[in-house]
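Taken in order, the sequence shown gives residues 5 to 115; the numbers are from my numbering.
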Amino acid sequence: MFPLTNSGKFAWTWTIREEDLEEYVSMHLAPWPEILEEHTKAGIRDYSIFQNGNQFFYCFLCDDLDAAFAYLAESEACNRWNAITSKMVVGSFDFREAVPIQPMREVFYLK
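Now the structure itself:
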């Protein structure tokens with residue numbers, strides 16, 4: 005699904021609809037504990053989200069992204085969360101789609 009990077013890092017950006025910006029930020033400032041647990045169980049770690057207006061940058065580490073996304077796609081908690089947040093995002097992040105997120109190519113990495 006995603007091209008692998010040498011570092012196991014994955015990143016992408018999304019635009020959040022202006023009318024949903026406040027709620028989107030609020031949800032991510034206080035995420036449901038089960039969402040955090042499910043992402044950890046999926047093998048996602050060092051996950052950060054940065055904001056610039058209504059543009060968001062997401063970055064995390066994962067050893068097996070296909071397995072992680074397959075796990076999240078079956079998560080009841082994640083499906084409840086996504087039912088809310090997916091309406092706020094311009095584009096899609098349905099993990100059942102062939103390409104739910106358009107990854108960014110890593111062009112520099114300083115160890």
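Using N, Cα and C, we set each Cβ at its ideal position, and we do this for glycine too.
Please report how far the alpha carbon of lysine 13 lies from the alpha carbon of leucine 69, in whole angstroms. Approximately 10 Å between the Cα atoms of the pair.
Fully enclosed by the region 14 to 90, which alpha helix (DSSP H) runs are 4 residues long or longer?
Inside the region 14 to 90, DSSP marks whole alpha helix (DSSP H) runs of 4 or more residues at positions 25 to 33, 37 to 45, 69 to 77, 80 to 89, from first to last along the chain.
Straight-line CA distance for tryptophan 16 to arginine 109? Between the alpha carbons of tryptophan 16 and arginine 109 lies a gap of roughly 9 Å.
Checklist entry - What's the call for isoleucine 88, buried or exposed, on a 16-neighbour Cβ count within 10 Å? => result Isoleucine 88 sits exposed, since fewer than 16 C-beta atoms from the chains shown fall within 10 Å of its C-beta.
Can you tell which of Ala81, Asn58, Ser79 has its C-alpha closest to the C-alpha of aspartate 24? Nearest Cα to aspartate 24 within the set Ala81, Asn58, Ser79: Asn58.
### Cβ-Cβ distance between alanine 71 and glycine 47 below 8 Å
The Cβ atoms of alanine 71 and glycine 47 lie closer than 8 Å to each other.
Worksheet item: Does the distance from the CB of cysteine 82 to the CB of isoleucine 39 come in under 8 Å?
Response: Yes, these two residues count as a Cβ contact at 8 Å.
| query | Hey, isoleucine 20 and phenylalanine 64: beta-carbon distance below 8 Å or not? | reply | Against a cut-off of 8 Å, the Cβ pair of phenylalanine 64 and isoleucine 20 comes out as no contact.
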